[in-house]
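*Asks:* In the UniProt record's numbering, the protein residues as written are 1 to 414. Virtual Cβ for every residue (Gly too), placed ideally from N, Cα, C.
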């Protein structure tokens with residue numbers, strides 16, 4: 001360093017003098033700025049360096065758990081809890097628990113640069129973890145990460161951690177209970193901490209919070225935040241995408257067949273996106289190998305097939321004539337499963353367009369006489385013009401069709 005100094009200042013200090021003055025300079029006390037915290041402005045969050053321990057109820061083994069701390073800047077009102085890890089899901093849930101504990105949202109949340117909060121740290125534009133950003137959007141707040149290698153940015157929460165080591169850690173019955181029981185102990189001790197008078201002051205953190213800071217926090221949304229997970233898939237030929245985590249399928253508009261899409265899902269909903277545009281939304285179904293379909297997503301021909309039902313065919317037939325309705329009912333009832341009859345019903349009812357309403361009615365009446373219930377029966381009657389050979393006297397007697405006691409009846413299918 002002295003050699004570099006001489007390049008800039010050839011007539012400067014010699015080596016011994018340089019070292020002497022450099023040593024004096026190095027001992028200078030860096031000035032520290034006092035931080036005035038605005039009420040309701042920031043919530044600082046961090047994990048303690050020391051872990052806690054619980055008993056795993058399933059295995060009976062001792063497990064380490066993390067100690068999460070959140071503190072409001074102005075009142076120093078504090079929240080703490082134990083969680084299984086510092087992973088994204090646990091971290092985001094702890095942050096939300098803190099917001100709910102404070103009964104309001106601060107203008108900003110200040111986390112450390114852990115991966116669950118910051119994907120890529122930067123002095124100017126850090127990249128925030130997407131799930132944490134979603135939480136901030138839900139609660140209408142902002143994420144302001146502490147600067148890397150700047151401990152004074154998070155001195156308030158680190159100071160809180162040191163105090164909680166003495167007031168909470170030392171009084172916990174670790175290693176003898178589960179996570180819920182441990183948190184119950186933590187919250188009892190935390191309540192005492194928050195209601196304890198601040199050093200040299202006639203009020204506690206809790207009193208200061210109630211008097212001022214609580215009123216400055218933003219109101220909470222009615223619903224809690226749901227963590228969104230994402231996956232990617234290609235739309236299958238049948239117009240559905242697979243949510244691999246649940247091994248089931250959801251429909252999208254048929255125009256997106258073979259397109260690569262993004263799936264965002266929570267515990268209750270499944271949203272499907274194509275190039276940042278949401279193209280479908282479904283209620284999440286946890287049953288494996290099940291198709292969840294919105295009829296409007298299907299191509300028009302597929303929509304028609306999807307709408308097939310026994311009730312629909314019976315209503316369609318009765319709109320032509322009761323004789324046609326009776327015959328269609330007999331066809332459906334004669335099959336082991338109603339769907340076996342759907343194509344036969346469709347073929348018979350389509351004869352109305354080909355031969356006219358009157359001929360179809362007469363053909364169904366003749367087929368009822370034969371007591372043979374199939375598409376081919378009606379087809380043969382029409383091909384051989386047997387529908388036009390009905391005895392007028394017999395037709396008059398059959399205006400009221402018999403009530404067959406051995407069939408289910410149209411009301412069964414509605």
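1) If you reduce the DSSP assignment to three classes, tell me which class residue 98 lands in.
2) CB-CB under 6 angstroms to residue 39, same chain, minus the five flanking residues each way: which ones, in chain order?
3) Considering just the uninterrupted stretch of the alpha helix (DSSP H) at residue 282, what are its terminal residues?
4) Give the single residue among 353, 389, 356 and 354 whose Cα lies nearest to the Cα of residue 367.
5) Might you give, ordered along the chain, the residues of its own chain that have their beta carbon closer than 7 angstroms to the beta carbon of residue 397, omitting 5 neighbours on each side?
6) Can you list the alpha helix (DSSP H) stretches of 4 or more residues lying completely in the stretch 113-200, in chain order?
7) Just list the residues that DSSP pairs residue 218 with in beta bridges.
8) Using the three-state DSSP reduction, which class does residue 33 fall into: helix, strand or coil?
9) Below 7 angstroms CB to CB, which residues in the same chain sit around residue 63 once its five sequence neighbours on both sides are set aside?
10) Under 8 angstroms, with one C-beta from each stretch per pair, do the stretch 241-261 and the stretch 130-144 reach the 3-pair mark?
11) Among 280, 105, 137 and 66, which has the Cα closest to the Cα of residue 161?
12) DSSP three-state label for residue 371, please.
13) Quick one: what's got a C-beta closer than 7 angstroms to residue 237's C-beta in the same chain, skipping five residues either side?
14) Taking 7 angstroms as the limit between beta carbons, can you name the residues of its chain near residue 149, skipping five residues before and five after?
15) Output the distance between the C-alpha atoms of residue 17 and residue 23, rounded to the nearest integer angstrom.
16) Using a Cβ-Cβ distance under 7 angstroms, would residue 355 count as near chain C?
17) In the DSSP assignment, what are the bridge partners of residue 43?
18) Report the three-state DSSP secondary structure of residue 225 (helix, strand or coil).
19) Is the closest heavy atom of the ligand PLP to the C-beta of residue 322 under 6 angstroms?
20) Using CA coordinates, which residue listed in 12, 76, 274 and 321 is at the minimum distance from residue 199?
21) Run through DSSP, which three-state label would residue 23 get?
22) Could you tell me if residue 176 is buried or exposed, where buried requires 16 or more neighbouring beta carbons within 10 angstroms of its beta carbon?
23) Could you pull out every residue in the same chain whose Cβ sits closer than 7 angstroms to the Cβ of residue 11, ignoring the five residues on either side in sequence?
24) Tell me, please, which residues DSSP counts as bridged to residue 260.
25) Please go through the same chain and pick out, in chain order, the residues whose beta-carbon is closer than 7 angstroms to the beta-carbon of residue 352, but skip the five residues on each side of it.
26) Under the rule that 16 or more other beta-carbon atoms within 10 Å means buried, what is residue 387, buried or exposed?
27) What number of angstroms, rounded off, separates the C-alpha of residue 419 from the C-alpha of residue 285?
28) If you follow the beta strand (DSSP E) that residue 78 is part of, which residue opens it and which one closes it?
29) Could you tell me the boundaries of the beta strand (DSSP E) in which residue 242 lies?
30) If residue 233 sits next to residue 279, beta carbons under 8 angstroms apart, how far is it from one beta carbon to the other, in whole angstroms?
31) Looking at residue 218: is its Cβ nearer than 7 angstroms to the Cβ of residue 104?
32) Locate the beta strand (DSSP E) running through residue 270, then write down its first and last residues.
33) Leaving out the 5 sequence neighbours to the left and right, which residues in its chain are closer than 8 angstroms to residue 156 when beta-carbon positions are compared?
*Replies:* Result, derived from the coordinates:
1) helix
2) 74, 212, 213 and 216
3) That residue, residue 282, is in no alpha helix (DSSP H); its beta strand (DSSP E) goes 277-283.
4) Per the Cα distances, 389.
5) For residue 397, the pLDDT reaches just 46, beneath the cut-off of 50, and the residue's location in the model is therefore unreliable, leaving the point undetermined.
6) Within the stretch 113-200, the complete alpha helix (DSSP H) runs of at least 4 residues are 130-138, 155-167 and 179-195.
7) 105
8) Summary for residue 33: the model assigns pLDDT 45, below 50, so the residue's position carries little reliability; its value from the coordinates is reported in the next sentence. Coil.
9) 53, 54 and 56
10) no
11) 66
12) Residue 371: coil per DSSP, three-state reduction.
13) 257
14) Below a pLDDT of 50, predicted positions are generally treated as unreliable, and residue 149, at 47, falls in that range; the measurement from the model is reported next regardless. Nothing listed; no residue qualifies.
15) 10 angstroms
16) Absent from the structure is chain C; it holds one protein chain and no more.
17) 72 and 109
18) coil
19) No copy of the ligand PLP occurs in the structure displayed, which carries no ligand at all.
20) With respect to the C-alpha of residue 199, the residue from 12, 76, 274 and 321 having the closest C-alpha is 76.
21) helix
22) exposed
23) none
24) Paired residues: 234.
25) 320 and 360
26) In the assembly as shown, residue 387 is a buried residue. Its beta-carbon has 16 or more other beta-carbons within 10 Å.
27) Past the edges of the chain, shown from 1 to 414, lies residue 419, and the structure says nothing about it.
28) 78-83
29) 240-243
30) Actually they are not in contact, since the Cβ atoms of residue 233 and residue 279 sit about 13 angstroms apart, beyond 8 angstroms.
31) yes
32) 269-274
33) 35, 37, 44, 71, 73 and 76
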